[in-house]
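So in our numbering the end of the sequence shown lands on 99, straight run, no missing numbers. Glycine residues also receive a C-beta, built at the ideal position from the N, C-alpha and C atoms.
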Amino acid sequence: IEINTYRIIQEALNNAIKYAEATNIMLDLQFEIGLIRFSVQDNGKGFTPQDKRKTDGSGRGMTNIRERVSLLNGNLIFNSIIKEGTTITVQIPAVTI
């Protein structure tokens, strides 16, 4: 859980810097009993769903985030507005084995 959470956050931060060209990024990370919740918010370029349909094989970041969240039985919300930025919100059950 910890490694995948780290990788999701790492990918979201990388996307904000590399693709969105954000100048301000905020990470909010919260731990509760049985739940990890975090959001990554940027003031970058934003995107539309059509922007993410690349056919050249590049831009796997969003797909990787979706796959990791799904693997952890989590919930994922992308909220993006062109020229205003993007917020990625994730909730992951923190089950102790």
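Query: 8 Å Cβ cutoff met for Asn81 and Thr88; Result: yes
Query: Burial state of Met64, where buried means 16 or more other Cβ atoms lie within 10 Å; Result: buried
Query: As assigned by DSSP and simplified to three states, the class of Thr65; Result: helix
Query: Neighbourhood of Leu29 by C-beta distance below 6 Å, restricted to the same chain and skipping five residues each side; Result: Val42
Query: Coil, strand or helix - Ile19 by DSSP; Result: helix
Query: Between the CA atoms of Asn6 and Gln85 - distance to the nearest angstrom; Result: Sequence check: residue 85 is Lys here, not Gln. Their backbone Cα atoms lie some 29 Å apart in a straight line.
Query: Length of the line joining the Cα atoms of Ile3 and Leu31; Result: 14 Å
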